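Student: In UniProt numbering, the protein residues as written are 1 to 203.
In this text, a Cβ means the ideal position worked out from N, Cα and C, and glycines have one as well.
Remember, predicted model here, so these are calculated numbers, not experimental data.
Dropping a structure here in structure tokens format, bear with me for questions.
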């Protein structure tokens, strides 16, 4: 540890005041705020990540993070806080937590994990903000999808109709051949032929 004292001229006298009899820098850490915060929003979630390059290497893996986000037009006083459970400098927000068509702003801060015994720190200041908006499926794509679906259905449907008409015509022609009106001339011709044969035998 260190002994921290304050020396100066007070009321015309040079005095030394002991501020901290035993000061350990590891227990009084305040980091600079996170930098390079970015976001990428899709229809299902929003990913937010930031850089840890401005943190000493021996602290980078023992940090804990807190995310704060809000609607862009609202005050930070009504913002939502999200504790990041992972030690990685990134977090995801589910799309169900975001309103469609609304822009959001987010920021993050960090400190040494409370589970760490070797170092102790307070929260850093908040980072700069990143702005994002949940991505929705465009209506144009839905129309294209519906058009393609109709095209795929039209081909087998047309084929089925043509097949039905073909078999209907074929069955109709068979019925016409089997009708009495069409078989009567044949029966009459057969009957006349039998009469001629009978006459020939009698002769």
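Which residue comes first and which comes last in the beta strand (DSSP E) that contains residue 63?
Tutor: In the chain shown, counting from the first residue as 1, residue 63 sits at position 63. Note, residue 63: beta strand (DSSP E), 63 to 71.
Student: Assign residue 57 to buried or exposed, taking buried as 16 or more other Cβ atoms, counted over all protein chains shown, within 10 Å of its Cβ.
Tutor: The count along the chain shown starts at 1 and reaches residue 57 at position 57. That one is exposed.
Student: Below 8 Å, can you find three or more Cβ-Cβ pairs linking the segment 114 to 123 to the segment 80 to 97?
Tutor: At 8 Å Cβ cutoff, the stretches do not touch.
Student: How many angstroms separate the CA atom of residue 27 from the CA atom of residue 136?
Tutor: Looking up residue 27 in the chain shown gives position 27. Looking up residue 136 in the chain shown gives position 136. If you take the alpha carbons of residue 27 and residue 136, they lie about 47 Å apart.
Student: In the DSSP assignment, what residue or residues form a beta bridge with residue 46?
Tutor: As a position in the chain shown, residue 46 is number 46, starting the count at 1. 41, 93.
Student: Tell me whether residue 27 sits in a helix, a strand or coil according to DSSP, three-state version.
Tutor: Working through the chain shown from its first residue, we reach residue 27 at position 27. Residue 27 falls in the helix class under three-state DSSP.
Student: Hey, residue 50 and residue 37 are a contact pair by Cβ (cut 8 Å); roughly how many whole angstroms apart?
Tutor: Along the chain shown, read from residue 1 onward, the residue named residue 50 stands at position 50. Along the chain shown, read from residue 1 onward, the residue named residue 37 stands at position 37. Yes, they are in contact, since the Cβ atoms of residue 50 and residue 37 sit about 4 Å apart, within 8 Å.
Student: Where residue 16 and residue 70 are concerned, what is the direct C-alpha to C-alpha distance, given to the nearest angstrom?
Tutor: For the purposes of this step, residue 16 is taken as residue 16 along the chain shown, with counting starting at 1. For the purposes of this step, residue 70 is taken as residue 70 along the chain shown, with counting starting at 1. Each residue's Cα considered, the two are about 49 Å apart.
Student: Once DSSP output is grouped into helix, strand and coil, what is the label at residue 118?
Tutor: Translated into positions along the chain shown, residue 118 becomes position 118. Coil.
Student: Out of curiosity, what's the CA-to-CA distance linking residue 232 and residue 55?
Tutor: Here the chain comprises residues numbered 1 to 203, so residue 232 is not present and cannot be evaluated.
Student: Please classify residue 46 as buried or exposed, where buried requires at least 16 other C-beta atoms within 10 Å of its C-beta.
Tutor: Residue mapping note: residue 46 aligns to position 46 of the chain shown, counting from 1. Counting Cβ neighbours within 10 Å, residue 46 comes out buried, since at least 16 surround it.
Student: Identify whether residue 76 lies in helix, strand or coil by the three-state DSSP scheme.
Tutor: Within the chain shown, the letter at position 76 stands for residue 76. If DSSP states are grouped into helix, strand and coil, residue 76 belongs with the helices.
Student: Express the C-alpha separation of residue 73 and residue 101 in angstroms, rounding to a whole number.
Tutor: Numbered from 1 along the chain shown, position 101 holds the residue referred to as residue 101. Numbered from 1 along the chain shown, position 73 holds the residue referred to as residue 73. About 13 Å.
Student: Quick check on the burial criterion: 16 or more other C-beta atoms within 10 angstroms. Buried or exposed for residue 128?
Tutor: Counting from 1 along the chain shown, the entry for residue 128 is found at position 128. Answer is exposed; the Cβ neighbour count stays below 16.
Student: Which of the three DSSP states is assigned to residue 216 in this structure?
Tutor: Past the edges of the chain, shown from 1 to 203, lies residue 216, and the structure says nothing about it.
Student: Between the Cα of residue 30 and the Cα atoms of 110, 11, 39, which residue gives the shortest distance?
Tutor: In the chain shown, residue 30 corresponds to position 30, counting from 1. Closest option to residue 30, Cα to Cα, is 110.
Student: Assuming residue 48 contacts residue 112 under a Cβ cut-off of 8 Å, what Cβ separation, rounded to an integer in Å, is found between them?
Tutor: Along the chain shown, one-based indexing puts residue 48 at 48. Along the chain shown, one-based indexing puts residue 112 at 112. The distance from the Cβ of residue 48 to that of residue 112 is about 21 Å, inconsistent with a contact at the 8 Å cut-off.
Student: Which residues mark the beginning and the end of the beta strand (DSSP E) in which residue 130 is found?
Tutor: Here residue 130 refers to the residue found at position 130 of the chain shown. Boundaries of the beta strand (DSSP E) around residue 130: 130 to 133.
Student: Sort 104, 103, 39, 66 by Cα distance to residue 86 and report the nearest one.
Tutor: Taking the chain shown and counting its residues from 1, one reaches residue 86 at position 86. Nearest option by C-alpha distance: 66.
Student: Mind checking whether residue 103 and residue 133 have CB atoms under 8 Å apart?
Tutor: As a first step, residue 103 is located in the chain shown; it is residue number 103 there, counting from the start. As a first step, residue 133 is located in the chain shown; it is residue number 133 there, counting from the start. Yes, the Cβ-Cβ distance between residue 103 and residue 133 is below 8 Å.
Student: From this set, 24, 126, 8, 155, which residue's C-alpha is nearest residue 81's C-alpha?
Tutor: Residue mapping note: residue 81 aligns to position 81 of the chain shown, counting from 1. With distances taken between CA atoms, residue 81 lies nearest to 126 out of 24, 126, 8, 155.
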